[in-house]
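Read through the structure below, which is laid out as structure tokens, and then see the notes.
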Amino acid sequence: MSLNATARKPLVTPAAPARAPRPRLTPLPKTAARRKPKLAYALTALGGALAIGAAQIGLSLAITQDSYTLASLSSQQRTLDLQTSALQEELTGLSSPQALATSASALGMVVAGAPSYLRLSDGAVFGTGTGAGWASTVDPNGAGAVSNSLLVPPASADANDGPVADDAATQTEQLPPAITDGLPSPETH
Amino acid sequence: MTTRATRSPRRRTVVALAVILSILGVFIVRLVDIQVVSADEHVAQSLVYLGDKTTISGQRGSIVDADGTVLAESVTVYDWNMDPKAMNAVETDEDNPPKLPWAEASTKIAEIMGLNADELRAGVAAAREENPDTQWYQLAKGLNAKQYTDLKALKLPYLHADSRETRVYPNGAVAGSVIGFLDGSGTAQAGIEKMETQCLAPTNGEETYRKGTNGVVIPGSEQKTDAVDGGSVQLTINSDLNWYLQQMIAEEAQAQGAQGGTVTVVEVKTGKIRAAAEWPTVDPNNLNGSSPSSWYSKLFTYAFEPGSTFKPVTAAAIMENAGVTPTSPTVSASSKEHFPNGAVINDAFAHPTYNYTLAGALIDSSNVALSKFGTMVSPDVRYDYLQRFGVGTKTVGFPSETSGELHPTSEWDNQSLYTTTFGQHFTVTAPQVAGAYQAIANGGEKIDLSLIESCTDADGTVHKAADPEKKQIIKPETAAELTRMLENVAVQGGNAERIKVPGYRVTSKTGTAQIPDGNGGYKSGVYYTSMVGFAPVDDPQYVVIVTLDQPTRITSSAATASAFQKAMTQVMKTYRVMPSTVPMDALLPKFE
Numbered sequence: 009m010s011l012n013a014t015a016r017k018p019l020v021t022p023a024a025p026a027r028a029p030r031p032r033l034t035p036l037p038k039t040a041a042r043r044k045p046k047l048a049y050a051l052t053a054l055g056g057a058l059a060i061g062a063a064q065i066g067l068s069l070a071i072t073q074d075s076y077t078l079a080s081l082s083s084q085q086r087t088l089d090l091q092t093s094a095l096q097e098e099l100t101g102l103s104s105p106q107a108l109a110t111s112a113s114a115l116g117m118v119v120a121g122a123p124s125y126l127r128l129s130d131g132a133v134f135g136t137g138t139g140a141g142w143a144s145t146v147d148p149n150g151a152g153a154v155s156n157s158l159l160v161p162p163a164s165a166d167a168n169d170g171p172v173a174d175d176a177a178t179q180t181e182q183l184p185p186a187i188t189d190g191l192p193s194p195e196t197h
Numbered sequence: 064m065t066t067r068a069t070r071s072p073r074r075r076t077v078v079a080l081a082v083i084l085s086i087l088g089v090f091i092v093r094l095v096d097i098q099v100v101s102a103d104e105h106v107a108q109s110l111v112y113l114g115d116k117t118t119i120s121g122q123r124g125s126i127v128d129a130d131g132t133v134l135a136e137s138v139t140v141y142d143w144n145m146d147p148k149a150m151n152a153v154e155t156d157e158d159n160p161p162k163l164p165w166a167e168a169s170t171k172i173a174e175i176m177g178l179n180a181d182e183l184r185a186g187v188a189a190a191r192e193e194n195p196d197t198q199w200y201q202l203a204k205g206l207n208a209k210q211y212t213d214l215k216a217l218k219l220p221y222l223h224a225d226s227r228e229t230r231v232y233p234n235g236a237v238a239g240s241v242i243g244f245l246d247g248s249g250t251a252q253a254g255i256e257k258m259e260t261q262c263l264a265p266t267n268g269e270e271t272y273r274k275g276t277n278g279v280v281i282p283g284s285e286q287k288t289d290a291v292d293g294g295s296v297q298l299t300i301n302s303d304l305n306w307y308l309q310q311m312i313a314e315e316a317q318a319q320g321a322q323g324g325t326v327t328v329v330e331v332k333t334g335k336i337r338a339a340a341e342w343p344t345v346d347p348n349n350l351n352g353s354s355p356s357s358w359y360s361k362l363f364t365y366a367f368e369p370g371s372t373f374k375p376v377t378a379a380a381i382m383e384n385a386g387v388t389p390t391s392p393t394v395s396a397s398s399k400e401h402f403p404n405g406a407v408i409n410d411a412f413a414h415p416t417y418n419y420t421l422a423g424a425l426i427d428s429s430n431v432a433l434s435k436f437g438t439m440v441s442p443d444v445r446y447d448y449l450q451r452f453g454v455g456t457k458t459v460g461f462p463s464e465t466s467g468e469l470h471p472t473s474e475w476d477n478q479s480l481y482t483t484t485f486g487q488h489f490t491v492t493a494p495q496v497a498g499a500y501q502a503i504a505n506g507g508e509k510i511d512l513s514l515i516e517s518c519t520d521a522d523g524t525v526h527k528a529a530d531p532e533k534k535q536i537i538k539p540e541t542a543a544e545l546t547r548m549l550e551n552v553a554v555q556g557g558n559a560e561r562i563k564v565p566g567y568r569v570t571s572k573t574g575t576a577q578i579p580d581g582n583g584g585y586k587s588g589v590y591y592t593s594m595v596g597f598a599p600v601d602d603p604q605y606v607v608i609v610t611l612d613q614p615t616r617i618t619s620s621a622a623t624a625s626a627f628q629k630a631m632t633q634v635m636k637t638y639r640v641m642p643s644t645v646p647m648d649a650l651l652p653k654f655e
């Protein structure tokens with residue numbers, strides 16, 4: 009150990025650089041007096057934290073509120089969907105050609121034969137040139153009626169459907185007898 | 064330095080370290096194996112216990128007509144049941160008596176469901192008597208959305224509804240047998256429903272999730288794939304016209320004492336089938352309302368020997384290959400003739416020997432004259448023409464559609480050598496006949512028939528049906544002369560007065576087919592009669608074919624005259640076809 013210590017003794021180099029060694033350490037100028045911590049910073053930081061907290065609470069409240077609104081809207085949507093389908097179901101069948109033809113025939117309308125056309129430019133008439141006859145080419149209430157089971161219980165299903173069926177019945181009674189059988193003729197004895 | 068004393072503990076350390084490291088190594092290997100190598104397998108295993116999924120069913124698409132009128136749609140209906148035990152609990156809860164006691168509630172339920180209130184109460188009481196713990200009692204099935212809303216409004220905790228999809232056909236039997244129907248499980252059984260399953264069927268979605276103890280869904284583990292509803296199929300059919308024709312053919316068929324009848328309308332310029340009416344038919348809403356034999360469309364599946372309606376095809380062959388014109392040459396024909404090869408051909412009515420022109424042979428529908436005209440060309444030429452006009456080729460690919468039967472010429476015997484000139488010894492469906500006349504009406508250009516306009520996906524993408532194949536099968540001049548002759552048939556033929564459509568020039572040709580009796584022979588005295596034609600002659604727009612199955616009041620094809628007249632009138636009216644403005648050419652001579 010002693011040998012080693014001797015060996016590491018720093019050697020003074022005779023050929024030292026000419027430049028004057030600069031002092032490594034310099035005294036500090038007067039140290040700044042420690043400033044008193046500003047209250048404003050603390051308040052800002054605290055305020056910021058509180059603001060973040062408040063924002064978070066606000067946001068989560070808003071999200072919660074939204075999810076309630078969403079739930080209520082989707083329930084409303086469901087109700088409206090149900091109403092839509094209920095209304096559509098009421099129309100189903102009523103929109104069919106059978107229903108239209110039956111109602112029209114109850115009003116005394118006929119499915120006519122060949123049509124006529126009027127040309128506006130010169131007033132020429134094409135086609136038969138006569139009006140519709142008394143006889144219908146088909147009888148929507150007859151043996152050939154195209155069935156539609158959606159229309160089967162028109163009177164009993166709902167009270168609101170009543171008038172239509174009633175009208176149909178009374179109309180038929182008021183009309184000339186058996187409109188499909190041609191022009192009514194007076195009975196002579 | 065490494066003395067014996069120090070070596071021993073170090074070795075022990077090394078050994079211990081090695082043991083620990085090797086154990087650690089084993090663990091690491093196992094860990095890698097579990098977490099990396101066979102991770103998927105283990106995840107899959109765990110999902111058996113943890114994962115679950117529910118299917119989200121999509122809705123089947125609608126079928127609409129050419130104007131968008133809904134012919135078939137899926138709607139949700141509700142099957143209602145109740146929990147009698149829960150009802151009893153609510154009823155006997157003295158601290159919190161029910162707002163709506165059962166006696167009153169049952170009356171309201173019955174009213175909404177259309178049941179008898181007394182029977183309902185008795186039924187529930189009986190169910191409870193049988194098993195006091197029963198929690199299920201079926202109330203009613205297939206209730207609609209209004210009833211659902213009304214029942215929910217009662218706020219009864221013991222009522223439950225299961226929703227399911229069902230098919231509704233708003234127009235009932237209008238085009239019923241063409242549209243088809245589904246079976247109880249929602250599988251298409253017939254008609255367009257079956258033919259267009261690919262477009263109509265929905266793609267089910269699913270929701271997968273993991274669940275913890277007691278089946279609680281682990282939040283955030285849900286994965287949802289939405290269902291894709293089926294597409295909507297648009298047909299070329301006009302449902303209003305179809306309704307009229309169904310109504311009309313039903314009346315006519317019954318008036319003629321026939322077993323059935325059909326009307327098919329084809330648009331000349333496009334080959335689109337605008338109406339496919341049949342009687343008897345089916346209301347797909349109520350299959351049990353009609354006999355099972357009428358559940359399936361016969362239009363595309365019933366092939367018959369067309370008879371005289373195919374004489375114009377023979378005429379086309381000889382005009383283009385033997386230089387025959389409507390007026391020359393003529394053939395001499397009596398009402399029954401024995402041919403050199405032993406065949407015997409009869410005409411439908413007795414007449415003296417006439418020198419028939421081709422026009423006259425068609426007007427009088429003389430089988431004998433046609434046999435003589437027809438054999439002016441080889442059987443192979445006639446076979447070719449039959450094929451060109453669509454015999455033996457399916458039309459629209461309808462489920463179970465038949466292509467009819469066209470025997471090769473090698474199988475034609477002495478008799479059928481002649482009978483094939485007037486529509487026997489081969490079979491066709493009514494749409495095939497309409498297709499043949501479409502070609503004549505359209506200047507010789509045959510356009511394949513179509514029944515489907517398009518398929519519209521749930522997202523609104525429209526897939527148009529492929530363009531039909533078009534083919535010039537005869538020269539335009541031949542088609543024009545055939546049209547002229549067919550107009551002469553309508554004007555000079557036996558049904559002339561009965562098939563007049565005021566204002567319009569029409570063509571027509573009757574056909575009377577014998578019906579196989581199933582024992583190799585033909586039924587006697589009854590026929591499958593038909594009448595086909597198009598109008599207006601000056602600019603052909605629509606082909607109409609009417610068939611009657613075994614009319615008994617008038618057994619000949621004259622039975623179809625009134626139905627044909629009404630059908631053609633209605634078609635012209637429906638499509639606002641302008642009445643003919645060009646007068647008819649001079650009448651063609653029948654004889655020389």
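As they're listed, the protein sequences go chains A and B.
Going by my numbering, the first sequence opens with residue 9, and the numbers climb by one from there.
Going by my numbering, the second sequence opens with residue 64, and the numbers climb by one from there.
Backbone N, C-alpha and C fix where the C-beta goes; we use that ideal spot for every residue, glycine too.
{"Asked": "Other residues of its chain near LEU433/B: CB distance less than 7 Å, five sequence neighbours each side excluded", "Found": "LYS374, THR377, ALA424, THR484 and PHE485"}
{"Asked": "Inter-stretch contact (C-beta, 8 Å, three-pair minimum) for the segment 329-347 of chain B and the segment 234-250 of chain B", "Found": "yes"}
{"Asked": "Secondary structure, alpha helix (DSSP H): runs of 4+ residues fully inside the segment 584-609 of chain B", "Found": "none"}
{"Asked": "Cβ contact (3+ pairs, closer than 8 Å) linking the segment 198-208 of chain B and the segment 153-167 of chain B", "Found": "no"}
{"Asked": "Sub-8 Å separation of SER391/B and VAL431/B beta-carbons", "Found": "no"}
{"Asked": "Rounded C-alpha distance that separates ARG55/A from THR117/B", "Found": "In the sequence as presented, Arg is not what sits at residue 55/A; that position holds Gly. In a straight line, the C-alpha of GLY55/A is about 49 Å away from that of THR117/B."}
{"Asked": "Residue burial classification, SER101/B (beta-carbon count within 10 angstroms, cutoff 16)", "Found": "exposed"}
{"Asked": "8 Å CB neighbourhood of GLY101/A in its chain, flanking five on each side removed", "Found": "ALA107, ASN156, LEU158 and LEU159"}
{"Asked": "Assigned exposure category for PHE452/B - 16 Cβ within 10 Å defines buried", "Found": "buried"}
{"Asked": "Nearest neighbour of VAL728/B, chosen from PHE412/B, VAL640/B, TYR605/B and SER643/B [CA to CA]", "Found": "With chain B covering 64 to 655 only, the question about residue 728/B has no answer from this structure."}
{"Asked": "Collapsed DSSP secondary structure at GLN179/A in the structure displayed", "Found": "Legend: pLDDT at GLN179/A = 40, less than 50; position of this residue unreliable, value from coordinates given subsequently. Looking at GLN179/A - three-state DSSP - the assignment turns out to be helix."}
{"Asked": "GLN201/B (DSSP reduced to helix, strand or coil)", "Found": "strand"}
{"Asked": "Helix, strand or coil at GLU270/B [DSSP, three-state]", "Found": "strand"}
{"Asked": "Alpha carbon of ASN418/B to alpha carbon of THR393/B, nearest angstrom", "Found": "6 Å"}
{"Asked": "Within chain B, partners of PRO35/A - CB distance below 7 Å", "Found": "Within chain B, no residue comes near PRO35/A; the closest Cβ sits about 53 Å away, beyond 7 Å."}
{"Asked": "Residues, ordered as in the chain, of the segment 304-322 of chain B that lie near chain A by beta-carbon distance below 7 Å", "Found": "TRP306, TYR307, GLN309, GLN310, MET311, ALA313, GLU314 and GLN317"}
{"Asked": "For HIS470/B, the three-state DSSP class (helix, strand or coil)", "Found": "coil"}
{"Asked": "Residue-level contact to chain D via CB, ASP147/A, 8 Å cutoff", "Found": "Within the model displayed, chain D is absent; protein chains A and B are what it includes."}
{"Asked": "Proximal residues of chain B, C-beta to C-beta of THR100/A below 7 Å", "Found": "VAL231 and PRO233"}
{"Asked": "Cβ-Cβ distance between THR372/B and LYS509/B below 8 Å", "Found": "no"}
{"Asked": "Proximity of ALA340/B and ILE381/B at Cβ, strictly below 8 Å", "Found": "no"}
{"Asked": "Residues that ASP142/B bridges to, as DSSP identifies them", "Found": "ASP225/B"}
{"Asked": "Segments of 3+ residues assigned as beta strand (DSSP E) that fall wholly inside the segment 351-413 of chain B", "Found": "394-396, 399-401 and 407-409"}
{"Asked": "Pick from ALA338/B, ALA499/B, MET548/B and ASP648/B that is closest to GLN535/B, judged by C-alpha positions", "Found": "ALA499/B"}
{"Asked": "TYR365/B, buried or exposed, once every other Cβ within 10 Å from all chains shown has been counted against 16", "Found": "buried"}
{"Asked": "For PRO494/B, the three-state DSSP class (helix, strand or coil)", "Found": "helix"}
{"Asked": "Interface residues of chain B facing TYR76/A [CB-CB closer than 8 Å]", "Found": "By Cβ distance, chain B contributes nothing, its closest Cβ being about 18 Å from TYR76/A, past 8 Å."}
{"Asked": "Whole-number beta carbon distance between ILE503/B and LEU545/B, since they are thought to touch under 8 Å", "Found": "5 Å"}
{"Asked": "Three-state secondary structure (DSSP) of ALA163/A", "Found": "Residue placement at ALA163/A is flagged as unreliable, the pLDDT there being 38, under the threshold of 50; the coordinate-derived value follows with that caveat. It is coil, neither helix nor strand."}
{"Asked": "Within-8 Å CB hit, VAL154/A to chain B", "Found": "yes"}
{"Asked": "Integer-rounded CB distance, given that GLY507/B should sit under 8 Å from THR490/B", "Found": "Contact doesn't hold; Cβ gap of about 24 Å is too wide."}
{"Asked": "Per-residue DSSP class, three states only, for ALA424/B", "Found": "helix"}
{"Asked": "Among VAL645/B, PRO369/B and GLU228/B, the one whose alpha carbon lies nearest that of PRO265/B", "Found": "GLU228/B"}
{"Asked": "Chain-ordered neighbours of ALA151/A on chain B, where CB pairs are closer than 8 Å", "Found": "ALA313, GLU314 and GLN317"}
{"Asked": "heavy atom of the ligand FAD below 7 Å from LEU433/B C-beta", "Found": "In the structure on display, the ligand FAD does not appear, and there are no ligands present to speak of."}
{"Asked": "Cross-strand partners of TYR419/B (DSSP beta bridge)", "Found": "VAL394/B and PHE654/B"}
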